[in-house]
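In short: position in the sequence shown from 1, add 2, done, that's the numbering used here.
Even glycine gets a Cβ: it sits at the ideal position worked out from N, Cα and C.
As structure tokens, the structure follows; a few thoughts come after it.
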Amino acid sequence: MVSAHSLHFELHVNPQLLQPLTLRGLTLPNRIVIAPMCTYSAVDGVASDFHLVHLGRFALGGAGLVIVEATAVQPQGRISHGDLGLWQEGQVEPLARIATFLKQHGAAAGIQLAHAGRKASMQRPWHGNGPMNESDTPRGEHPWDVIAPTAMAVEPGWLMPREMTADDINVLKRDFRLAAERALRAGFEVLELHCAHGYLLHSFLSPITNQRSDGYGGDRAGRMRLPLEVATILREVWPQVLPLFVRISSVDAVENGWSIDDSVAFATELKRIGVDVVDCSSGGVTTSPTASAVPRGYGFQLPYAQAVREGAGIATMSVGLIVDAHQAERVLQDGQADLVAIARQALEDPNWSVKALTLLRADEPVQERYSHWLNPYGWWLSRRAKLIDKLGPWSG
3 MVSAHSLHFE LHVNPQLLQP LTLRGLTLPN RIVIAPMCTY SAVDGVASDF
53 HLVHLGRFAL GGAGLVIVEA TAVQPQGRIS HGDLGLWQEG QVEPLARIAT
103 FLKQHGAAAG IQLAHAGRKA SMQRPWHGNG PMNESDTPRG EHPWDVIAPT
153 AMAVEPGWLM PREMTADDIN VLKRDFRLAA ERALRAGFEV LELHCAHGYL
203 LHSFLSPITN QRSDGYGGDR AGRMRLPLEV ATILREVWPQ VLPLFVRISS
253 VDAVENGWSI DDSVAFATEL KRIGVDVVDC SSGGVTTSPT ASAVPRGYGF
303 QLPYAQAVRE GAGIATMSVG LIVDAHQAER VLQDGQADLV AIARQALEDP
353 NWSVKALTLL RADEPVQERY SHWLNPYGWW LSRRAKLIDK LGPWSG
């Protein structure tokens, strides 16, 4: 644990948040990541100008890595009709525009591949955030059949999934491979596999939702089998010079559910097959995709990232109510994680990343303070800052 005095020194002289991080052959310019956030705004899985502007502003705002939202590997793997996809070739080029823009403006370009499993065929959150029904028909949106490791609905009134067969599993693995190949052709540098929040691969991991009696169920090794097989496929596709991330729900936070010890064991296996970073979230195995049984407070998932980092000896990323530059810096100073991901805080302020970097350099000369801003912004802001320094704070 660093003292208050040493923390102040590090914050203003050599902030860890500003330090590059090299993962295989990719160097991130800083430790701030924009977490994948579903916007439910695609048509037929295709990215639009909205997605380009939405994601591009985070690169302009100084993030070191921007990860595109959950992108379905099968049409039936979408959470809603508005999800992005990479199940067909026509979806590659619109995403390539985004990857190119992110890289041109200083951020690494990442994308998350996902299958929603029994939490597919849902309404967009602002249309109800539950399973689709007749109220969605006037919008031209209809439900589809959903799959899961076990035929068990999320809760009463939700769609009953079909238990996946061996053929379903083989097709799923094929489609993850094809989607990863498309992501690579689109120019992405970081690939993340979604194994969290009650979606399909998390459903295989959790004993709450996986009650299979074949080789993909039973004990922890059986329940980890499919997620590890998919991660292995992605590692085969993804070039050895580029990093692979996996997002997990570190705990189910329900009785007899997936535990932090399980996550450490899973992360140990992920490291063995070549995964570089474990993105530590939590919850979601029950109720809606945006609900969690984990008590929430500022930085509430940090202990999970630290436990996985120390227990499995793998780099981790923490996410969840990280809202302040000094808070984010403390995460790194205390060794709780290697990367800090922000999500809703970036929606509120797309420039949060570069403002945080500026704040942590407040004791430095103005020119240095604004050196992390893009030139068209930093030049103007540094000139204004010199004037404000002379004027002093505005007093009303």
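Contact check for V70 and L57: beta-carbon distance about 6 Å, within the 8 Å limit, so the pair qualifies. Along the region 283-359, the alpha helix (DSSP H) occurs as fully enclosed runs of 4 or more residues at 304-314, 327-335 and 346-350, listed in sequence order. Here E194 is bridged, per DSSP, to Q114 and F247.
Per DSSP, A72 is one residue of the beta strand (DSSP E) stretching across L67 to A74. If you draw a 10 Å sphere on the C-beta of M162, you find fewer than 16 other C-beta atoms in it, and that means exposed. Check the Cα spacing between L383 and each of P367, P96 and S397: the tightest is with P367. Contact annotation: the region 90-109 does not touch the region 133-151, with fewer than three C-beta pairs closer than 8 Å.
The secondary-structure analysis by DSSP pairs L86 across a beta bridge with T73. With a beta-carbon spacing of about 6 Å, L115 and L195 fall inside the 8 Å limit used to define contacts. For T152, there is no enclosing alpha helix (DSSP H), since its DSSP letter is neither H nor E. The Cβ neighbour count for V296, taken over all protein chains shown within 10 Å, is at least 16; the residue is labelled buried. For A339 against A307, the beta-carbon gap comes to about 4 Å, under 8 Å, which counts as contact. Residue pairing by DSSP places D281 opposite R249 and M319 in a beta bridge. Counting the other Cβ atoms within 10 Å of the Cβ of H83 gives 16 or more, which makes it buried. Contact between I324 and I344 holds, since their C-beta atoms are separated by about 6 Å, short of 8 Å.
In the DSSP assignment, V35 falls within the unbroken beta strand (DSSP E) covering I34 to I36.
Boundaries for L19: no alpha helix (DSSP H) harbours it, and the DSSP string shows neither H nor E there. In the three-state scheme derived from DSSP, where H, G and I count as helix and E and B as strand, V256 is classed as coil. In the three-state DSSP reduction, R26 falls in the coil class, being neither helix nor strand. Here the C-alpha atom of T270 lies approximately 12 Å from the C-alpha atom of I262. Non-local beta-carbon contacts of G217 in its own chain, meaning distances under 7 Å to residues more than five positions away in sequence, involve G224 and R227 in chain order.
DSSP links P133 through a beta bridge to M124.
In chain order, G47, V48 and G87 place their CB closer than 6 Å to the CB of Q93, counting only its own chain and leaving out the 5 sequence neighbours on each side. Rounded to the nearest whole angstrom, the CA to CA distance from Q329 to G322 is 12 Å. Between F178 and L246 the beta-carbon gap is near 12 Å, outside 8 Å, which marks them as no contact. Note that the C-beta distance between A198 and R249 is below 7 Å. Around the beta carbon of N212, 16 or more other beta carbons sit within 10 angstroms, so the residue counts as buried. Within the DSSP secondary-structure output, V239 pairs in no beta bridge. Taking all protein chains in view, the Cβ of I171 is crowded by 16 or more other Cβ atoms within 10 Å, so the residue is classified as buried.
The beta carbon of P17 sits closer than 8 Å to the beta carbons of E331, L359, L362 and R363 from its chain, once the five residues preceding and following it are set aside; these are given in chain order. The criterion of a C-beta distance shorter than 7 Å is satisfied by V310 and C282.
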